[in-house]
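The numbers in my numbering rise by one with no breaks, and the one at position 29 of the sequence shown is 67.
Comments concern the structure below.
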Amino acid sequence: MRVCVIGTGYVGLVTGVCLSHIGHHVICIDNNEEKVKLMKSGQSPIYEPGLSELMHSCMEAGRLEFTSDLAAGVDHGEILFIAVGTPALPTGESDTRYVEAVARGIGENLNGGYKVIVNKSTVPIGSGDWVRMIVMDGLAKREDSPRDVEFDVVSNPEFLREGSAVYDTFNPDRIVLGSNNDKAIAMMQELYQPLVDRKFADDPSLPPVPVVVTDLNSAEMIKYAANAFLATKISFINEVANICDRVGADVTQVAAGIGLDSRIGNKFLQAGIGWGGSCFPKDVLALIHTATDYNYETELLNAAVSVNKRQRLIAVEKLQQELKILKGKTIGLLGLTFKPDTDDMRDAPALIIIEQLNRLGAKIKAYDPIVSQSGLSHGLSNVLIETDAEMLADSCDALVLVTDWKEFLSLNYGKMAQVMANPVIIDGRNFLDRSKLEMAGFHYVGIGR
Ligand code: UDX
C-alpha cells in the first residue's frame, strides 16, 4: 500500500521504516530540512538498535523515501500517518499545535480519492473528531475546492518502547484501531496484515496478533490507560521497595514472588530510581489534566506521580546515608539516559539527581555509553563527562548506577574499587550482582534490598 508518515521522531521514523520493510511504499515527511538531508543519506537521526540497517535495505529496495514536501507525501499516501510530537505544556496539558498544523496541511493538500488519516501521535481524548474538523477547515480555505475528496480518521496508538522499537513493531502484543468507519478499518487491517500474521516476528508460530477495534475515543484512552497503568505499577513496586528497606526485606525477591501470580505478571516490577522518558511522565500528566477538565480528581495517578518524584531522589538520600556530607565529595554516575539502548535524556531521573547533587555541593562525573560517545553533554551543568567507565571511578567517593546499560554488568569492578578510597556503589536499578560487587571490594547499596 502507499503510505505517508508525517513526523520522523521515534514513533514516526520507526513506523515508516517498519511499514516499508513489510512491503509498503512509504514516504516520510519532516519539516526539518537538515534531518531530511541526513535521512536521505541513509543515516538515522535517532539511536535505535536495528533501525539504520532496515532503513538502508528499504531505501535500496526503493520503498522508502524522505522529503519535506508535504503535498507530495499527501498525494502519494492512501494512508496518511500523523506522527508529530505532543509535548507537555507547563500545565501538564498536551501541546497539540504540531498535530493541528499537520492536519491543516493535509486538508490544504488533499487531492481526490479516499484517504485514511491516522493519528499515531498520543493525542488528548477527543482529538480524532477535532483532527477531522481541522482537515475540513484546511480544505474549505482552498480556492480550488476539490470535489471528490473523501477521508476518515483512525486512532492507532503506538506502544513501542525506545531501545526496542523495531522489535516491538514486529512483535506487538496487540494492534488498536479506533474508528467508526468500516472502510477505514478494513484498509488499516490490510496494512497491518503481515504483522498480524507474524510474518516478521521472532516467533511466527504464535497465534495471530489480536486487533482491537474500538471507537475513536476509546482507542485514544487505551494509550493513556496503558501508560498510566505501567507507570503506576512501577511506582507501586518502588513504594514496596521503600517499605522493604525499612523492614529488612528484599524487593527483588518480593517482585519475583508476586510476579508469578498471573493476575499481576512479572513485568514492570523492577524497583529503582523511578520512571522517566518521553512518554510516561507526559502521558500520566495529560490524563490527570483531562480528568480535571471533566471535574474528576485522580487520586491514584497523583500518587503515582508523587511517588516517582520522591523516588528520583532516593539515590541521593542513600549517598547521604553512606557519605554524610556531600559537599566537596565526588560522585560518579554510571549512565545518564532514562533507560538503556537509547540516547534520550527527556525526563531522565539523572537530571534530577544531578540537580540535587549540584545543590548539595557535590562534584559530579558521569559515563554513559551513548552520551559519552556522542560528545554531547545534553546541557548538563557541572558534570564532567568521562569517556571510559572504568576511569570514572578514579577519585570518586561513590558511584551511582543510574541507567541499566548491559555493559555495566561486565565492568572491571575490582580495578574500579582499587582507585576509590572507600568504594561505595548505589545500584539505582537493582541491576548489578551484589555478591560480585562485594567480592570486588565495594560496599553495595541497592533499592529496597
Ligand atoms: C513506554 C511504554 O512502555 C511504551 O509502551 C509506550 O509506547 C511509550 O512509553 P519507553 O518510555 O520507551 O516506553 O520506556 P519503558 O521501557 O516503558 O520504560 C519507561 C521508564 O520506566 C524508564 O525510565 C525505565 O527505566 C522505567 N522502568 C521500567 C522501571 O523503573 N522499572 C520497570 O520495571 C520498568
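For every residue, glycine included, the Cβ atom is placed at its ideal position computed from N, Cα and C.
{"query": "Proximal residues to N396 (C-beta, below 6 Å), its chain only, five neighbours per side dropped", "result": "N420"}
{"query": "beta-carbon F376 near ligand 1 non-hydrogen atom, thresh 6 Å", "result": "yes"}
{"query": "Where the beta strand (DSSP E) containing A404 begins and where it ends", "result": "401-405"}
{"query": "Inside the region 92-172 only - alpha helix (DSSP H) runs reaching at least 4 residues", "result": "108-114, 135-147"}
{"query": "Which of helix, strand or coil DSSP assigns to G176", "result": "helix"}
{"query": "Limits of the unbroken beta strand (DSSP E) element including T270", "result": "Unbroken run through T270 is the alpha helix (DSSP H), 254-285; no beta strand (DSSP E)."}
{"query": "Beta-carbon gap between I464 and V440 smaller than 7 Å", "result": "no"}
{"query": "Cα-Cα separation, V354 to L364", "result": "9 Å"}
{"query": "Three or more C-beta pairs below 8 Å linking the region 96-108 and the region 51-67", "result": "yes"}
{"query": "C-beta contact flag for L325 and A257 at 7 Å", "result": "no"}
{"query": "Cβ separation of L372 and Y405, assumed to be a contact under 8 Å, to the nearest whole Å", "result": "6 Å"}
{"query": "Simplified DSSP state of F189, which is helix, strand or coil", "result": "strand"}
{"query": "Near ligand 1: C317 beta-carbon under 6 Å from a heavy atom", "result": "yes"}
{"query": "Residues that R40 bridges to, as DSSP identifies them", "result": "H63"}
{"query": "Host beta strand (DSSP E) of G216 (start-end)", "result": "213-216"}
{"query": "Beta-carbon proximity check, I281 vs V247, cutoff 7 Å", "result": "no"}
{"query": "Same chain, Cβ closer than 7 Å to T375, neighbours up to 5 away in sequence not counted", "result": "D381, D382, M383, A386, D406, I408, V409, T441"}
{"query": "Residues that DSSP places opposite H481 in a beta bridge", "result": "V462"}
{"query": "I390, enclosing alpha helix (DSSP H) - first and last residue", "result": "387-397"}
{"query": "Within 7 Å, strictly: CB atoms of L437 and Q394", "result": "no"}
{"query": "Cβ shell of I390 (< 6 Å), same chain only, five flanking positions each side left out", "result": "R350"}
{"query": "Spatial neighbours of E445 in its chain, beta-carbon cut-off 8 Å, leaving aside the 5 residues before and after", "result": "P407, A427"}
{"query": "Three-way DSSP call (helix, strand, coil) for T290 in this model", "result": "helix"}
{"query": "In DSSP terms, what G370 is bridged to", "result": "K403, L437"}
{"query": "Limits of the alpha helix (DSSP H) - the one that V322 falls within", "result": "318-331"}
{"query": "Burial state of N340, where buried means 16 or more other Cβ atoms lie within 10 Å", "result": "exposed"}
{"query": "Straight-line gap, I163 to I65 (C-alpha atoms, nearest Å)", "result": "28 Å"}
{"query": "Per DSSP, the bridge partner or partners of L422", "result": "K403"}
{"query": "Same chain, Cβ closer than 6 Å to P125, five either side skipped, listed in chain order", "result": "D133"}
{"query": "R350 beta carbon near ligand 1 (any heavy atom closer than 6 Å)", "result": "no"}
{"query": "Distance between K305 and V343 (C-alpha atoms, nearest Å)", "result": "19 Å"}
{"query": "Reference V34, options K153, F469, P378, closest by Cα", "result": "Given a span of 39 to 487 for the chain in the structure shown, any question on residue 34 remains unanswerable."}
{"query": "Neighbour-count burial assignment, R301, 16 or more Cβ in a 10 Å radius", "result": "exposed"}
{"query": "Range covered by the alpha helix (DSSP H) that runs through A224", "result": "220-234"}
{"query": "Stretch-stretch touch, CB-based, cutoff 8 Å, three pairs: the region 80-89 with the region 194-202", "result": "yes"}
{"query": "Boundaries (first-last residue) of the alpha helix (DSSP H) holding M383", "result": "Note, M383: premise wrong, no alpha helix (DSSP H); not H, not E."}
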